[in-house]
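Participant: For what it's worth, my numbering labels the leading residue of the sequence shown as 911, then goes sequentially. All residues carry an ideal CB built from backbone N, CA and C; glycine is no exception. Since this is a predicted model, take the numbers as computed values, not measurements. My questions all concern the structure below.
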Amino acid sequence: MAEQITDATFDALVLKSDIPVLLDFWAPWCGPCRALGPVIEELAPEYEGRVRIVKMNVDENPVTPGKYGIRAIPTLILFKNGEAVEQMTGAVAKDAIKHILDTKALA
911 MAEQITDATF
921 DALVLKSDIP
931 VLLDFWAPWC
941 GPCRALGPVI
951 EELAPEYEGR
961 VRIVKMNVDE
971 NPVTPGKYGI
981 RAIPTLILFK
991 NGEAVEQMTG
1001 AVAKDAIKHI
1011 LDTKALA
């Protein structure tokens, strides 16, 4: 299951992670976010130990989305070695997310 993170835990769990991190910015009222949620939950165990997959509720955590210029949700950002290396906005297909993880996170 994808871990819920907060503004307070972002640095430790994302920027200082020893493995790549896929962060899903979402909100409970967002229809496309609810559509993407099950995809994120399916990917978490599939990439366990290789890519950390986490979610951040933008309504409860305004600092991090503001820092990364999140203007639309859902937005996925892939972090590697503490740097944002890829960003995808909207209800992205599972295959497209897997392609990014396999080519950018695990390359």
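(1) Using only the heavy atoms of the ligand GTP, determine whether one of them is closer than 7 Å to the beta carbon of F920.
(2) Quick check on the DSSP output: the beta strand (DSSP E) that includes T985 runs from which residue to which?
(3) Using the Cβ count rule (16 or more neighbours within 10 Å means buried), how would you classify M911?
(4) Near N967, which residues of its chain fall below 8 Å by C-beta distance, leaving aside the five closest residues on each side in sequence?
(5) Taking contact to mean 3 or more Cβ pairs, one atom from each stretch, closer than 8 Å, check whether the segment 913-932 and the segment 960-978 are in contact.
(6) By the 10 Å Cβ neighbour count, where 16 or more other Cβ atoms means buried, how is T974 classified, buried or exposed?
(7) Select from L988, A1001 and L946 the residue whose C-alpha is nearest the C-alpha of A1017.
Facilitator: Considering the structure as presented:
(1) Among the ligands in the structure shown, none appear at all, so the ligand GTP cannot be discussed.
(2) Indexing the sequence shown from 1 puts residue 985 at position 75. Here the beta strand (DSSP E) through T985 covers T985 to K990.
(3) One-based indexing of the sequence shown puts residue 911 at position 1. Exposed, by the Cβ-count rule.
(4) As a first step, residue 967 is located in the sequence shown; it is residue number 57 there, counting from the start. So the list reads Q914, W936, A937 and P938, once near-sequence residues are dropped.
(5) yes
(6) One-based indexing of the sequence shown puts residue 974 at position 64. The residue in question, T974, is buried, as its Cβ has 16 or more Cβ neighbours within 10 Å.
(7) Position 107 of the sequence shown, counted from the first residue, corresponds to residue 1017. The shortest Cα separation from A1017 among L988, A1001 and L946 belongs to L988.
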